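Please read the structure below before turning to the comments.
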Amino acid sequence: MRIARYTDGSEPAFGVVEGSVADGTAIVAGITPHPFAPFTFTGARQPLAEVRLLAPVLPSKILCIGKNYADHAREMGGEAPASPVLFLKPSTSVAGPGDPIVLPPDSERVDYEGELAVVIGRLCRDVPVERALSVVLGYTCANDVTARDQQTTDGQWTRAKGHDTFCPIGPWIETDLDPSDRVIRTTLDGEVRQDSRTKLLLHDVPALVAFMSRAMTLLPGDVLLTGTPAGVGPMRAGQTVAVTVDGIGTLTNPVTTR
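Start counting the sequence shown at 669; every next residue gets the next number (our numbering).
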């Protein structure tokens, strides 16, 4: 099931995307109250092409893992750490499909980082690995946008990864997905820059959910970014970046300046 958050010009709503997106016949069927509890269909049905997709959730927090692909760790100048490296992005960094990534004036290099994102479905804490997938609502695409120069000069990652618009997610949440071996690909102006598979994650989705939930309570709608593969690089205003995860879809965002 593909769960989207969208607007037709009125208040944002949740809906289920039905049909084929590729041939333009997909529709979005409205649901109430939200996807984190049993829901019912409202009866509203609109062509997907006639609504605006929003970020599929507004998370209380975005938990991210650094250097979770060995090839990316090497391209950043070192070996991958033995334990997951956890950091946070603020909720205000979230952007939706088609929203611009806004380059801040105080950074000279802003990079794309395509990732598989996990959306938590219910309140949980200290989740065992063997039950980790039971607390997951589904999966979406994400771009862990990073001001690389600020990451280097600050010595920690909060500012570099926390600017407004630095966490595009979408286009929807896919609830019926095995995340263990999915193609993840990032293009810049149509040119492939990252091309990998989630089977190469050093710490897989169940391990990450368990690890993060030992540190803090996870709430419905929280988003977990699983790490980016090799191939990260800078974006410039006027370019377009797209992150595709096999079985989910493509998240596309233009790049602009503030």
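Beta carbons: idealized from backbone N, C-alpha and C, even for Gly. The model shown is predicted, which means the values in this text are computed figures rather than measured ones.
| Check | Outcome |
| --- | --- |
| DSSP-derived helix/strand/coil call for residue 864 | strand |
| Contact set for residue 800: own chain, Cβ-Cβ below 6 Å, skip 5 residues either direction | 874, 877 and 878 |
| Close-in-space but distant-in-sequence residues of the same chain around residue 843 (CB under 7 Å, 5 per side omitted) | 669, 671, 805 and 806 |
| Between the CA atoms of residue 906 and residue 890 - distance to the nearest angstrom | 31 Å |
| Same chain, Cβ closer than 6 Å to residue 893, neighbours up to 5 away in sequence not counted | 732, 783, 785, 810 and 812 |
| The region 908-916 in contact with the region 832-849 per 3-pair CB rule at 8 Å | yes |
| Burial state of residue 867, where buried means 16 or more other Cβ atoms lie within 10 Å | exposed |
| Sequence-distant residues of its chain with Cβ nearer than 6 Å to residue 769 (five each side left out) | 813, 833, 921 and 923 |
| For residue 885 and residue 838, believed in contact at Cβ under 8 Å, the rounded distance | Not confirmed; about 25 Å, so no contact. |
| Span separating the alpha-carbon of residue 899 from that of residue 909 | 13 Å |
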